[in-house]
Every structure is written in C-alpha cells, then in structure tokens.
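K.L.:
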Amino acid sequence: MKCLVVLWGGLVLCMGGGAQAFPVTVKSCGVPVTFRQPPRHAVFHDVNMAEMAFALHVQPFMRGVTGITGWNKETDAFRRALGDVPELAPRYPTLEQLMAAQADLFVAGWNYGMRVGGDVTPERLANEGIASLVLTESCVRAGGERGPVTLDALLYNDEYRLGVVFGKERDARALIEGWRARISTVRAHLSGVRSVPVFLYDSGTAEPFTAGREALVSELIRLAGGKSIFDDLPINWGGVSWEEVSVRRPEVIIVVDYGHGVAEAMEVLRHQALLDGSPAVTPQHIVVLRYDEVTPGPNNIEAVETLARFLHPNAGW
340 MKCLVVLWGG LVLCMGGGAQ AFPVTVKSCG VPVTFRQPPR HAVFHDVNMA EMAFALHVQP
400 FMRGVTGITG WNKETDAFRR ALGDVPELAP RYPTLEQLMA AQADLFVAGW NYGMRVGGDV
460 TPERLANEGI ASLVLTESCV RAGGERGPVT LDALLYNDEY RLGVVFGKER DARALIEGWR
520 ARISTVRAHL SGVRSVPVFL YDSGTAEPFT AGREALVSEL IRLAGGKSIF DDLPINWGGV
580 SWEEVSVRRP EVIIVVDYGH GVAEAMEVLR HQALLDGSPA VTPQHIVVLR YDEVTPGPNN
640 IEAVETLARF LHPNAGW
C-alpha cells in the first residue's frame, strides 16, 4: 500500500491508489487508525463534533449522537441538521449502548464522551470492533503530547481527518479554505490593534471554570484581537480563583451559553465582590458565545468574527 504524508496538522494519509481510495490510515492522538471503507454507523458525541459531521453532510452515515441534551439546549439549526438521527444517550454513552447501535465509529474526546479509565475508551472500543477518532484538543487530558494550539491543529486537522475517513477529502479541503479566507479577512481588519484582556466565564460560583492555554478558545480570542487572561495556565479547561481573575484585570468577559443559564451567569458576575467596580462587569463589556462556538467545531469561525467586532468595533468593518 502506498502512503502519502499530508502535512496538515500532522495527519498521515495512506491510500491504496488514486485520491480517496481505501484503505486510509489517519492518526488519533498519535495512534494510527485504519479504515478499509467509509463508516456506515458512526456516532458523534457533543454538539461541536456533531456539527463537524454536519459540515460534511455525513448524516446518512450516522447511527446517532450522544451528549447533546444532557448539557445543551438544541438550537433550531442543530435540530434541522440532525434530522432523524437519534440521540442515543443524553450524556456519556455506555459501551453497551454503542454496541447495541452497531456503531462502527465513535467520534468523541477525553472529557467529551470518554473518561480515562472508563468503559468507553479507544482500546475498549477497538476490542469490540468499533473504531474511534479522538478530538485533538482533548488528547492532552489523557497524557498526550502538548501540540500547537492553533486552528490548523485543533479544528482544520480534525475536520480534514473526517473528510478523509468518509471519502470526502475534497469537500473538507474546500470547507477549510473557506474558513481560512474568513479568518484572514478578520486579521486584516485588526492590523495594529491593541490586544484586549479577556476572561472566559463558563460556570461556577465558589470558583469559576475557565479556559487555559491548551484550549482552542484561547487562540480564538487571540485571533479576534484579544488576550485570554489565563493563557499561561497549562490546561485546556479547569477551575481558577476569583482572586486571580480580579488580579488579572479583564476588560471584557465572555459568558458561555449552553442554551440556558446565561441570566444566572450574569448574576454570579454582578454579585462577585472581587469584581466589584470592574468595568468588565457591565453589559457593554460582556459578550455571550455559544458552547459550540468556544469548543472545536465549525462555529469557531463565526465566534472569531463576532468577538473581533465586539472587541474592536471601530476596526473598519
């Protein structure tokens, strides 16, 4: 079999003939995974990974989704794209549920549908004949190598990998080139602007849950002309202290929207004594982004555009 190395986020593609011939081999957290034919009964976990599938129109090859309604309220657009694809589990699926669905591929991540030491892991799935693709952003949570936190590595690579696995490599390339063009347009508008200190507030009262330097959203903030105040924290997502938020003096706060709970999040921020008097805790300094805009997925591009306009309204849009 002839192997072609494609320098796209470290992806290795092995093809048996012309373009998009099978078998193909891609990497998942550094581990080669071979597909002898496109999946026919794929299951996708979480809103962001399901939307990666929708972007390539692979719904006819999906057996189900998991982890949607347990945390998020579905938008009308998501429900339309999902169509008659069922939700197999509102939160994390069990191995038995995936086997009962006759899944031949599970697309998920560590703490996005899989837990280290749990019953749904790439190894356990492989033992049952189910392939897996792990969200690249999450590899570090299972002891994986820390790679670059860029759109190339954490979004474009994963979308392209899906295109290869489903025989839609050309479609994936076209999709990604369109995303690149939109990001280039934003960056051109932001030439020479000052980086605005930004705090991302996901949830939490005693201590806020936020994003560190390993989370793709920190890079989205940078691309939008901001600087995450926790971009030195060596994690992707985790808890910090309100004292540390106050000391780092954010000027803008991103509130993550799960389709519910935004009003409660605003109340937490307004009544946090350590932020009393901070200009960030005012309506004109708070921007709401959906969960699927701040986790790796197609809506990251829209998130950069929205945030850039919010941070720099006078950049000549």
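For what it's worth, the numbering used here labels the leading residue of the sequence shown as 340, then goes sequentially.
Quick reminder that beta carbons are idealized off the backbone N, C-alpha and C, glycines included.
Whole angstroms is fine: what's the gap from SER523's alpha carbon to ALA439's?
P.N.:
45 Å
K.L.:
Compute the beta-carbon to beta-carbon distance between VAL455 and LEU437, rounded to the nearest angstrom, for a pair I have assumed lies under 8 Å.
P.N.:
Not a contact, Cβ separation roughly 18 Å.
K.L.:
Report yes if the CB atom of TRP576 is closer than 7 Å to the CB atom of ALA554, and no otherwise.
P.N.:
yes
K.L.:
Look at the alpha carbon of VAL556 and the alpha carbon of LEU464, and state the distance between them as a whole number of angstroms.
P.N.:
29 Å
K.L.:
Taking CB distances under 7 Å as the criterion, tell me whether GLY403 reaches chain B.
P.N.:
Judged by its chain identifiers, the structure shown contains no chain B, having just a single protein chain.
K.L.:
Which whole-angstrom value describes the C-beta separation of GLY600 and ASN387, a residue pair presumed to lie in contact below a C-beta threshold of 8 Å?
P.N.:
Not a contact, Cβ separation roughly 18 Å.
K.L.:
Who are GLU426's beta bridge partners in DSSP?
P.N.:
VAL404
K.L.:
Would the region 374-385 count as touching the region 496-509 if we require 3 or more Cβ pairs under 8 Å?
P.N.:
Touching, per the Cβ criterion.
K.L.:
Taking the alpha-carbon of LEU529 as reference, which of ALA442, TRP656, ALA394, HIS624 has the nearest alpha-carbon?
P.N.:
TRP656
K.L.:
What residue range is occupied by the uninterrupted alpha helix (DSSP H) comprising ARG648?
P.N.:
639-650
K.L.:
Can you tell me the Cα-Cα spacing of THR364 and GLY452, whole angstroms?
P.N.:
23 Å
K.L.:
With VAL594 as the anchor, note down where its beta strand (DSSP E) starts and where it stops.
P.N.:
591-596
K.L.:
Using the Cα positions of THR645 and ASP631, report the straight-line distance between them to the nearest angstrom.
P.N.:
14 Å
K.L.:
Output yes or no for whether 7 Å exceeds the beta carbon distance between ARG552 and LEU572.
P.N.:
yes
K.L.:
In the DSSP output, what is ARG629 paired with across the bridge?
P.N.:
ASP596
K.L.:
Just to confirm the assignment, what range does the alpha helix (DSSP H) spanning PHE393 have?
P.N.:
385-394
K.L.:
Within the same chain, show all residues whose beta-carbon is closer than 7 Å to that of GLY411, passing over the 5 residues directly before and after it, in chain order.
P.N.:
What sits at residue 411 in the sequence shown is Asn, not Gly. These residues qualify, in order along the chain: VAL386, TYR597, GLY598, TYR630.
K.L.:
DSSP state of ALA360, grouped into three classes?
P.N.:
coil
K.L.:
Does the Cβ of HIS396 have 16 or more other Cβ atoms within 10 Å, making it buried, or fewer, making it exposed?
P.N.:
exposed
K.L.:
So, do the region 557-568 and the region 614-621 have three or more beta carbon pairs nearer to each other than 8 Å?
P.N.:
Cβ pair count under 8 Å is below three, so no.
K.L.:
Is THR433 helix, strand or coil by DSSP?
P.N.:
coil
K.L.:
Can you grab the Cα-Cα spacing for the pair ARG418 / VAL627, in whole Å?
P.N.:
21 Å
K.L.:
Quick one, which of GLY448, ALA442, ASP491, GLY406 has its alpha-carbon nearest PRO429's?
P.N.:
Answer by Cα proximity: GLY406.
K.L.:
Tell me which residue opens and which closes the beta strand (DSSP E) that VAL535 is part of.
P.N.:
535-540
K.L.:
Do THR544 and VAL584 have their C-beta atoms closer together than 7 Å?
P.N.:
no
K.L.:
Would you kindly report the start and end of the unbroken alpha helix (DSSP H) that includes PRO371?
P.N.:
Premise fails: PRO371 lies in the beta strand (DSSP E), 370-374, not in any alpha helix (DSSP H).
K.L.:
Thinking just about the alpha-carbon of each residue, which of ALA389, VAL382, GLY409 is nearest to the one in ARG402?
P.N.:
VAL382
K.L.:
Could you check if SER471 is buried or exposed, using at least 16 other CB atoms within 10 Å of its CB as the buried criterion?
P.N.:
buried
K.L.:
By alpha-carbon positions, which one of VAL633, GLY457, HIS624 ends up nearest to LEU493?
P.N.:
Among VAL633, GLY457, HIS624, the Cα nearest to that of LEU493 belongs to VAL633.
K.L.:
Smallest Cα separation from PHE548: which of VAL525, ARG561, SER580, LEU559?
P.N.:
SER580
K.L.:
In angstroms with no decimal places, state the Cα-to-Cα distance between PRO487 and ASN639.
P.N.:
17 Å
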